[in-house]
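Below is one structure; the comments refer to it alone.
In our numbering, the protein residues as written are 622 to 783.
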């Protein structure tokens with residue numbers, strides 16, 4: 622490979638990483654417009670392994686907006702990212718797959734005061750943690766750069782603690 626191809630690959634990997642990080646931030650912040658914008662037209666998400674739904678990104682965003690009301694405090698960590706770019710005849714292509722582990726600690730809403738960190742009832746709200754692996758499929762789009770075509774959650778474990 623030439624240095625130009627290597628640089629393009631590095632730039633693609635950085636752009637893909639930005640999309641994956643943007644996904645975690647959008648879910649944690651409840652920014653469903655940002656969540657939708659990360660998907661290519663026709664993009665889908667599958668949360669069935671975590672007891673959720675599978676469908677078009679817009680429908681899944683609506684479901685997440687309702688479901689995440691149960692968890693007013695979220696901190697979504699996506700780690701161990703394995704990025705694979707599809708290469709054709711030695712040139713980087715326009716498709717990618719990312720497999721990445723996640724740990725997602727959340728504070729359950731107890732119906733009382735804000736369930737953030739601190740003292741009192743908020744500090745005693747139960748914590749819910751889920752963990753597993755994501756598979757992100759991405760495609761380079763003509764106008765928006767890399768976008769998600771599919772997100773699949775593979776939940777491996779969950780824990781509720783007082």
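Virtual Cβ for every residue (Gly too), placed ideally from N, Cα, C. Computed from a prediction, not measured in an experiment: that's the story for all the values here.
Where does residue i sit, in a helix, a strand or coil, going by DSSP?
i	result
residue 628	helix
residue 667	strand
residue 633	helix
residue 742	Its pLDDT being 49, under 50, residue 742 is placed unreliably by the model, and the measurement read from it follows with that caveat. Of the three classes helix, strand and coil, the one that applies to residue 742 here is helix, per DSSP.
residue 649	helix
residue 730	coil
What is the rounded straight-line gap between the Cα of residue i and the Cα of residue j?
i	j	result
residue 757	residue 763	19 Å
residue 641	residue 689	19 Å
residue 658	residue 691	24 Å
residue 653	residue 637	19 Å
residue 649	residue 695	5 Å
residue 647	residue 655	6 Å
residue 671	residue 776	6 Å
residue 630	residue 676	31 Å
residue 667	residue 751	16 Å
residue 684	residue 693	15 Å
residue 664	residue 639	17 Å
residue 766	residue 700	22 Å
residue 708	residue 714	5 Å
Tell me, which residues are paired with residue i by DSSP?
i	result
residue 698	724
residue 677	665
residue 767	761
residue 778	752
residue 772	666, 757
residue 687	According to DSSP, which records beta bridges pairwise, residue 687 is partnered with nothing at all.
residue 704	719
residue 692	According to DSSP, residue 692 bridges with nothing at all.
Given a threshold of 16 other Cβ atoms within 10 Å of its Cβ, counted over all protein chains shown, does residue i qualify as buried or as exposed?
i	result
residue 627	exposed
residue 769	buried
residue 781	exposed
residue 632	exposed
residue 719	buried
residue 698	exposed
residue 778	exposed
Taking only beta-carbon atoms, is residue i less than 8 Å away from chain D?
i	result
residue 655	Protein chains in the displayed structure number just one, and chain D is not present.
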